[in-house]
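Okay, structure first, notes after.
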Amino acid sequence: MSYSRTTQFNSRRQGNYGRNRNTVAFASAIKLGPISNAIIIALLLTLLGLLYLTQAGSVSGYDYESND
């Protein structure tokens, strides 16, 4: 029994559309300027800092109770 290799994979390609190519370009309607970007990043960093401080404070609270 013999078989032949088919070029089925290559025949599915159409035009310049190949594998791992972006065929759709997404354009967002919302445009942020550099100042808005900086403000958003600063707010996110502040939020992360507050989360860190609340977690660090809760850990040191146990040490204080054990010292009493």
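With the numbering used here applied, the sequence shown covers 530 to 597. Even glycine gets a Cβ: it sits at the ideal position worked out from N, Cα and C. Nothing here was measured: the structure is a model prediction, and the numbers come from that model.
Within 8 Å (strictly less), CB to CB, does residue i reach chain D?
i	result
Thr575	In the displayed structure, chain D is absent; only one protein chain is listed.
Output the distance between the C-alpha atoms of residue i and residue j, rounded to the nearest integer angstrom.
i	j	result
Gly586	Leu572	21 Å
Phe555	Gly562	18 Å
Ile564	Ile570	10 Å
Ala567	Lys560	14 Å
Gly578	Arg548	43 Å
Arg550	Thr583	45 Å
Leu574	Ser557	25 Å
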